[in-house]
Amino acid sequence: MATNLEFITKQSITTPANNFQITNCFSNKYDVYKIVISKLDTASTTVQRLRFIKSDDSVDTTSNYDYAVNYQRSWSTAIEQRATNGTYIDYISSLTNGTEVGIGLVMYCFNPFDSSSYTFLNFQNSSFMAGSGNRVTKGIGVLTVAQSITGFQMLNSTGNYDTLEVSVYGVK
Numbered sequence: 004m005a006t007n008l009e010f011i012t013k014q015s016i017t018t019p020a021n022n023f024q025i026t027n028c029f030s031n032k033y034d035v036y037k038i039v040i041s042k043l044d045t046a047s048t049t050v051q052r053l054r055f056i057k058s059d060d061s062v063d064t065t066s067n068y069d070y071a072v073n074y075q076r077s078w079s080t081a082i083e084q085r086a087t088n089g090t091y092i093d094y095i096s097s098l099t100n101g102t103e104v105g106i107g108l109v110m111y112c113f114n115p116f117d118s119s120s121y122t123f124l125n126f127q128n129s130s131f132m133a134g135s136g137n138r139v140t141k142g143i144g145v146l147t148v149a150q151s152i153t154g155f156q157m158l159n160s161t162g163n164y165d166t167l168e169v170s171v172y173g174v175k
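In the working numbering, the protein residues as written are 4 to 175.
Here you go:
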């Protein structure tokens, strides 16, 4: 994969919210985008989910998302999560309230603006839970509809984001 990045946008939560949308960050300028979550904190134990935003600025809530995730924990066995025909890509990451010491999340989005292609996502994150240890998630997802995507929505399974900082880069 190319290693030259061009900064597109950096946005963050200013008040607690259950979801966060980054609009108009994908265009015909790039085929691949790098998304970095550098700050993430919630008031409750939650799983992070993702949906794409269509060119009309509406969130795609159709049942056309597939994903597969490998979730590894240093204190227990690995877990595999997967689903087809869901309304979001699930298990992008997870947080356990009060025990998360740090988290890092990186995603790559492929062909989002191309209206003749599916939109693909791969992601990985790592975190440390006080009293338990390390955990790592690595996964893939796809929106199985060929349409032009211009942004994305991050959403919690429960509760609100207290802190969320998202940077988007085009990959040359």
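Every residue, glycine too, gets a C-beta built ideally from N, C-alpha and C.
Mind checking whether V171 and Y36 have CB atoms under 8 Å apart?
For the purposes of this step, residue 171 is taken as the residue at position 168 of the sequence shown. For the purposes of this step, residue 36 is taken as the residue at position 33 of the sequence shown. In contact: V171 and Y36 (Cβ atoms closer than 8 Å).
Supposed close pair V145, F123 - CB separation, criterion 8 Å:
Here residue 145 refers to the residue found at position 142 of the sequence shown. Here residue 123 refers to the residue found at position 120 of the sequence shown. Contact flag correct, Cβ pair sits at about 5 Å.
What does the alpha-carbon distance come out to for the pair R52 and N73?
If you number the sequence shown from 1, residue 52 lands on position 49. If you number the sequence shown from 1, residue 73 lands on position 70. Cα to Cα, the separation comes out at about 15 Å.
Thinking just about the alpha-carbon of each residue, which of E168, T153, I106 is nearest to the one in S118?
Mapped onto the sequence shown, residue 118 falls at position 115. Taking only the C-alpha atoms, the option nearest S118 is T153.
Distance check for A133 and S106, CA to CA, integer angstroms please.
Taking the sequence shown and counting its residues from 1, one reaches residue 106 at position 103. Taking the sequence shown and counting its residues from 1, one reaches residue 133 at position 130. Checking the displayed sequence, the identity of residue 106 turns out to be Ile instead of Ser. Whole-angstrom Cα-Cα distance: 12 Å.
Taking the Cβ atom as the reference point for each residue, do L108 and S96 lie within a distance shorter than 8 Å?
By 1-based counting over the sequence shown, the position of residue 108 is 105. By 1-based counting over the sequence shown, the position of residue 96 is 93. Result yes, Cβ atoms of L108 and S96 sit closer than 8 Å.
Roughly how many angstroms lie between the CA atoms of S120 and T147, to the nearest whole one?
To locate residue 120, count along the sequence shown from 1; it is residue 117. To locate residue 147, count along the sequence shown from 1; it is residue 144. Spanning the alpha carbons of S120 and T147 requires a straight line of approximately 9 Å.
Return the residue from the list A71, A20, S58 that minimises the CA-CA distance to F126.
Mapped onto the sequence shown, residue 126 falls at position 123. The option with the nearest alpha carbon to F126 is A71.
Can you tell me which residues form a DSSP beta bridge with F155?
Start at 1 with the first residue of the sequence shown, and residue 155 comes out as number 152. According to DSSP, residue pairing for F155 in a beta bridge involves I25, F55.
Between Q84 and Y94, how many whole angstroms is the CB-CB distance? I'm expecting something under 8 Å.
Counting from one through the sequence shown, the residue named residue 84 turns up at place 81. Counting from one through the sequence shown, the residue named residue 94 turns up at place 91. Right, their Cβ atoms sit about 5 Å apart.
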